[in-house]
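Right, one structure below, let's go through it.
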Amino acid sequence: MAERKHMSMSTKRRIGNVASYVTLALISIIWILPFVFLLLRSFDVGNTGPSSAIFPEKFGFGNYIYLFTAGADFLKWYFNTFIIALVVCVVQTAMQFSMSYVLSRYRFKLRKFMMNFMLVLGMFPGFLTMIVLYQVLKTIGLTGANAVPGLILVYVASSGMGYYVSKGFLDTLPKSLDEAALVDGATRAQIFVRVILPLCKPILIYTVLTSFMGPWGDYVFAYTVSLGNEAGMNVAAGLNSWLAPNMINDHFAPFCAGGVVVAIPVMVLFLFLQKYYVEGVTGGAVKG
Amino acid sequence: MAEVIIKNVKKIYSGNVTAVHDFNLHIKDKEFIVFVGPSGCGKSTTLRMVAGLEDISEGTVSIDGEVVNDMQPKDRHISMVFQNYALYPHLTVYENMAFPLRLDKKQRVEPLSPTEVERAQKELEAARAAGNAAKVAKLEDELQNGRQQKGYTNDQIYDRVTSAAQVLGITQYLTRKPKALSGGQRQRVAIGRAMVKDCKVFLMDEPLSNLDAKLRNQMRAEIILLRKRINTTFIYVTHDQTEAMTLGDRIVCMKDGFIMQVGTPAELFDMPANLFVAQFVGAPMMNTVNCDLSREGDKYFVNPYGYKLPVDGEKGKALLERGVQSRPIILGMRPEHIQLARGKEGIPVTIQVNEMMGSEYHLHVTTEQGNKLIVRIPTISLTDEERNSMVNGTQINITFSGKAMHFFDPESEKNLLVDITNADAYELDADIIKHEQQEELPKAEKEE
Numbered sequence: 001m002a003e004r005k006h007m008s009m010s011t012k013r014r015i016g017n018v019a020s021y022v023t024l025a026l027i028s029i030i031w032i033l034p035f036v037f038l039l040l041r042s043f044d045v046g047n048t049g050p051s052s053a054i055f056p057e058k059f060g061f062g063n064y065i066y067l068f069t070a071g072a073d074f075l076k077w078y079f080n081t082f083i084i085a086l087v088v089c090v091v092q093t094a095m096q097f098s099m100s101y102v103l104s105r106y107r108f109k110l111r112k113f114m115m116n117f118m119l120v121l122g123m124f125p126g127f128l129t130m131i132v133l134y135q136v137l138k139t140i141g142l143t144g145a146n147a148v149p150g151l152i153l154v155y156v157a158s159s160g161m162g163y164y165v166s167k168g169f170l171d172t173l174p175k176s177l178d179e180a181a182l183v184d185g186a187t188r189a190q191i192f193v194r195v196i197l198p199l200c201k202p203i204l205i206y207t208v209l210t211s212f213m214g215p216w217g218d219y220v221f222a223y224t225v226s227l228g229n230e231a232g233m234n235v236a237a238g239l240n241s242w243l244a245p246n247m248i249n250d251h252f253a254p255f256c257a258g259g260v261v262v263a264i265p266v267m268v269l270f271l272f273l274q275k276y277y278v279e280g281v282t283g284g285a286v287k288g
Numbered sequence: 289m290a291e292v293i294i295k296n297v298k299k300i301y302s303g304n305v306t307a308v309h310d311f312n313l314h315i316k317d318k319e320f321i322v323f324v325g326p327s328g329c330g331k332s333t334t335l336r337m338v339a340g341l342e343d344i345s346e347g348t349v350s351i352d353g354e355v356v357n358d359m360q361p362k363d364r365h366i367s368m369v370f371q372n373y374a375l376y377p378h379l380t381v382y383e384n385m386a387f388p389l390r391l392d393k394k395q396r397v398e399p400l401s402p403t404e405v406e407r408a409q410k411e412l413e414a415a416r417a418a419g420n421a422a423k424v425a426k427l428e429d430e431l432q433n434g435r436q437q438k439g440y441t442n443d444q445i446y447d448r449v450t451s452a453a454q455v456l457g458i459t460q461y462l463t464r465k466p467k468a469l470s471g472g473q474r475q476r477v478a479i480g481r482a483m484v485k486d487c488k489v490f491l492m493d494e495p496l497s498n499l500d501a502k503l504r505n506q507m508r509a510e511i512i513l514l515r516k517r518i519n520t521t522f523i524y525v526t527h528d529q530t531e532a533m534t535l536g537d538r539i540v541c542m543k544d545g546f547i548m549q550v551g552t553p554a555e556l557f558d559m560p561a562n563l564f565v566a567q568f569v570g571a572p573m574m575n576t577v578n579c580d581l582s583r584e585g586d587k588y589f590v591n592p593y594g595y596k597l598p599v600d601g602e603k604g605k606a607l608l609e610r611g612v613q614s615r616p617i618i619l620g621m622r623p624e625h626i627q628l629a630r631g632k633e634g635i636p637v638t639i640q641v642n643e644m645m646g647s648e649y650h651l652h653v654t655t656e657q658g659n660k661l662i663v664r665i666p667t668i669s670l671t672d673e674e675r676n677s678m679v680n681g682t683q684i685n686i687t688f689s690g691k692a693m694h695f696f697d698p699e700s701e702k703n704l705l706v707d708i709t710n711a712d713a714y715e716l717d718a719d720i721i722k723h724e725q726q727e728e729l730p731k732a733e734k735e736e
């Protein structure tokens with residue numbers, strides 16, 4: 001009796017496992033298919049136009065070579081995107097961390113109000129401001145060919161608002177560390193740089209990654225601000241211009257190759273920074 | 289010389305919550321002062337105001353004759369040990385301890401450290417042999433008078449950190465990170481970090497609270513030894529009366545932001561100024577009962593639990609000197625001052641709970657009228673027969689002598705035999721007041 005019950009239990013578990021693995025496998029296929037499609041199509045030198053065939057007619061690196069020839073604007077777009085992402089990444093990380101540190105450690109008038117205000121502001125979709133931003137940038141001449149500084153300005157301007165995650169992390173670092181450093185003779189700036197920042201490595205890396213990837217993958221703002229001027233486009237907007245009706249017939253496969261090349265820096269960045277994603281840096285700071 | 293003078297200091301938080309009321313204290317050079325009291329009594333707040341981690345709402349704190357109210361903590365020449373150690377987790381023990389020295393970039397004349405002295409002596413010999421007169425003169429001067437330098441050299445840091453580590457027995461852990469240490473070791477590192485720099489006042493905020501009982505006893509003994517070595521002014525905050533009694537030269541007992549009494553451990557134990565101090569100091573707590581003090585000629589009597597007992601010895605004399613008349617009082621007796629009445633005279637009580645502590649019994653007993661009290665009986669004073677009879681429900685007779693009685697006013701809860709005047713409690717003597725004439729005299733302590 002007991003044995004039968006045990007058997008039925010294990011059979012049930014096996015059926016459950018099979019069902020969940022099948023479901024999960026299906027979901028991952030659906031999820032991963034576009035990437036496989038993109039990768040395979042990028043090697044198709046036989047048919048460079050749009051096609052629903054997954055496997056290329058003829059394998060070759062021609063599309064990749066095309067990306068880096070003078071005729072295509074890809075390098076220009078790539079460079080634009082890289083500059084934007086790099087500058088934004090540095091400035092945004094610095095601003096976000098200063099903001100979080102101040103909100104976490106200092107007490108001042110309107111602190112609560114400011115935090116709530118920014119939270120509410122953050123709830124509006126960024127696109128709502130697009131038209132106004134475009135007009136402002138146009139007035140100061142930072143659209144079209146000059147879109148790169150314009151875009152940097154747009155991305156950086158609101159960077160302090162993303163303080164929540166890092167503030168949450170800073171709040172978990174005991175204040176007595178700051179106080180001990182104060183007594184030991186550190187200034188506020190020294191505390192931030194020598195005590196707090198080294199402890200923030202995991203969240204710092206998270207911030208660096210997110211602030212790099214935001215502008216790196218942005219399409220909507222970049223498209224609007226560059227407004228068809230190829231000199232000011234980033235990769236997403238530029239590649240998208242290859243999908244225009246007059247371009248798509250011989251540019252679809254290079255478009256796919258461009259997509260792969262765009263993914264590479266982010267992947268490298270992630271692989272490189274991943275090893276610093278170590279939890280528990282704070283272990284041993286205080287009893288616990 | 290590093291006296292700390294705390295004058296009329298108040299801490300008022302926003303929302304008009306007063307955490308510390310008019311705190312006055314003169315801490316002498318090289319004195320070990322303990323702030324003790326239940327949680328929320330303002331002891332840590334006061335310490336943090338001395339450290340500069342908390343703003344001073346009113347009054348002044350001066351260290352070594354200098355008012356430090358507006359000084360940064362780093363300019364106050366203090367060291368501090370925190371309850372939760374506050375070690376820098378990303379730095380090794382060595383770097384943790386070296387941290388304050390590395391930050392100090394002041395221009396100074398610093399005597400050479402042992403390693404440097406050794407090296408300088410070798411160089412001196414070499415220079416003498418080579419006949420380099422200029423170098424010989426320079427080295428001799430440095431060896432004698434120290435060197436003009438900015439901050440500390442790596443050798444000086446090394447010598448200081450290793451000698452502190454040696455004192456604390458943590459030499460073998462210097463390369464480890466704090467998370468690889470036990471609680472006791474972390475606390476030693478924290479103390480080491482506070483030790484390496486030259487400070488005028490050494491502040492400790494409940495440094496032993498996070499340790500287990502056995503380690504706490506051990507560290508307490510080590511702090512007593514450490515204090516002899518460092519030989520500076522200490523302010524130590526604790527909620528544990530045992531720590532206060534064993535460590536302090538003087539104890540400041542606090543409650544709700546007011547100083548209840550300042551005195552040596554013996555003064556607090558033998559002559560508590562009020563009922564709060566009487567019950568806070570000593571374990572188990574002092575027994576109290578409302579009763580009457582009656583004067584018959586030159587003799588005094590009390591009537592606790594319906595039994596008339598004479599007040600004899602010193603206490604009777606003291607009452608007479610003060611001309612105390614018959615009046616209602618709160619009578620206090622410490623559990624260890626109650627004895628078994630082996631004859632028949634005595635107060636009959638029934639044992640409710642019997643705690644065998646090893647060296648002594650703690651008996652929770654009730655009188656015939658239902659009053660509860662605690663009695664401490666040393667085990668060694670009992671016969672085997674008596675020990676066997678100490679079970680719940682047994683009736684015993686107890687007695688206490690007049691010299692161990694404490695008399696408190698039922699309303700003010702003040703001890704009838706202890707006068708606290710501002711001058712003797714806080715020792716803000718005339719010299720200091722003259723020294724700071726711009727300030728007015730400290731106001732009388734408000735207790736109610």
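As they're listed, the protein sequences go chains R and V. Per the working numbering, the first sequence runs over residues 1 to 288. Per the working numbering, the second sequence runs over residues 289 to 736. Positions of the beta carbon are idealized from the N, C-alpha and C atoms, including for glycine. Since the model is a prediction, treat every value here as computed from it, not as a measurement.
The beta-carbon distance between residue 575 of chain V and residue 620 of chain V, rounded to whole angstroms, is 7 angstroms. This is short enough to meet the 8 angstroms contact definition.
In this structure, the alpha-carbon of residue 255 of chain R lies about 21 angstroms from that of residue 214 of chain R. Under DSSP, residue 666 of chain V shares a beta bridge with V:648.
Take the alpha-carbon of residue 258 of chain R and the one of residue 161 of chain R: they are about 32 angstroms apart. Counting only Cβ-Cβ distances below 9 angstroms, residue 362 of chain V has contacts in chain R at 182, 183, 184, 185, 186 and 187, in chain order. As summarised for the region 188-254 of chain R, the continuous alpha helix (DSSP H) elements at least 4 residues long and confined to that stretch are 201-217, 220-226 and 235-241, given in chain order.
It is roughly 29 angstroms from the alpha-carbon of residue 649 of chain V to the alpha-carbon of residue 327 of chain V. Shown here, residue 620 of chain V sits in a strand according to DSSP, grouped into three states. Cβ proximity to chain V below 8 angstroms picks out 174, 176 and 177 from the region 164-177 of chain R. When DSSP states are grouped into helix, strand and coil, residue 445 of chain V belongs to the helix group.
Relative to the Cα of residue 617 of chain V, the nearest Cα in the group V:558, V:693 and V:602 belongs to V:693. Each of V:317, V:307, V:321 and V:290 was checked against the Cα of residue 534 of chain V, and the nearest Cα belongs to V:321. Following the DSSP letters along the chain, one finds residue 171 of chain R inside the alpha helix (DSSP H) bounded by residues 164-172. Contact annotation: residue 290 of chain V and residue 488 of chain V have beta-carbon atoms nearer than 8 angstroms. Residues of the same chain with a CB within less than 7 angstroms of the CB of residue 640 of chain V, apart from the 5 flanking positions on each side, are 652, 653, 654 and 680 in chain order. Closest by C-alpha distance to residue 529 of chain V, out of V:539, V:521 and V:523, is V:539. For the pair residue 491 of chain V and residue 523 of chain V, the CB atoms are nearer than the 8 angstroms cut-off. For residue 342 of chain V, the secondary structure class from DSSP, reduced to helix, strand or coil, is coil. Taking a beta-carbon distance threshold of 8 angstroms, residue 202 of chain R does not count as an interface residue toward chain V. Excluding sequence positions up to five before and after residue 339 of chain V, its CB lies within less than 8 angstroms of the CB of 361, 364, 366, 368 and 491, all in the same chain and listed in chain order. Residue 475 of chain V places its beta carbon less than 8 angstroms from that of residue 495 of chain V. The beta carbon of residue 666 of chain V sits closer than 7 angstroms to the beta carbons of 647 and 648 from its chain, once the five residues preceding and following it are set aside; these are given in chain order. Shown here for residue 467 of chain V: same chain residues with a beta carbon closer than 8 angstroms to its own, the five before and five after excluded, namely 377 in chain order.
Against residue 198 of chain R, the close residues of chain V are 378, in the order they occur along the chain (beta-carbon pairs closer than 7 angstroms). A Cβ of chain V is located within less than 8 angstroms of the beta carbon of residue 195 of chain R.
Going by beta carbons, residue 232 of chain R and residue 94 of chain R fall outside the 8 angstroms limit. By the rule that beta-carbons nearer than 8 angstroms mark a contact, residue 544 of chain V does not touch chain R.
Cβ-Cβ separation between residue 342 of chain V and residue 299 of chain V: approximately 7 angstroms, consistent with a contact (criterion under 8 angstroms).
Under DSSP, no beta-bridge partner is assigned to residue 113 of chain R. Closest option to residue 526 of chain V, judged by alpha-carbon separation, among V:452, V:294 and V:334: V:334. DSSP, reduced to helix, strand and coil, places residue 361 of chain V within a helical segment of the structure shown.
DSSP places residue 673 of chain V within a helical segment (H, G or I) once states are collapsed to three.
Counting only residues of its own chain and dropping the five nearest sequence neighbours on each side, residue 224 of chain R has a CB closer than 7 angstroms to the CB of 130 and 134. A straight-line Cα-Cα distance of about 15 angstroms links residue 111 of chain R and residue 302 of chain V.
Listed as beta-bridge partners of residue 541 of chain V by DSSP are V:324 and V:549.
Between residue 85 of chain R and residue 212 of chain R, the C-beta gap is smaller than 8 angstroms, which places the two residues in contact.
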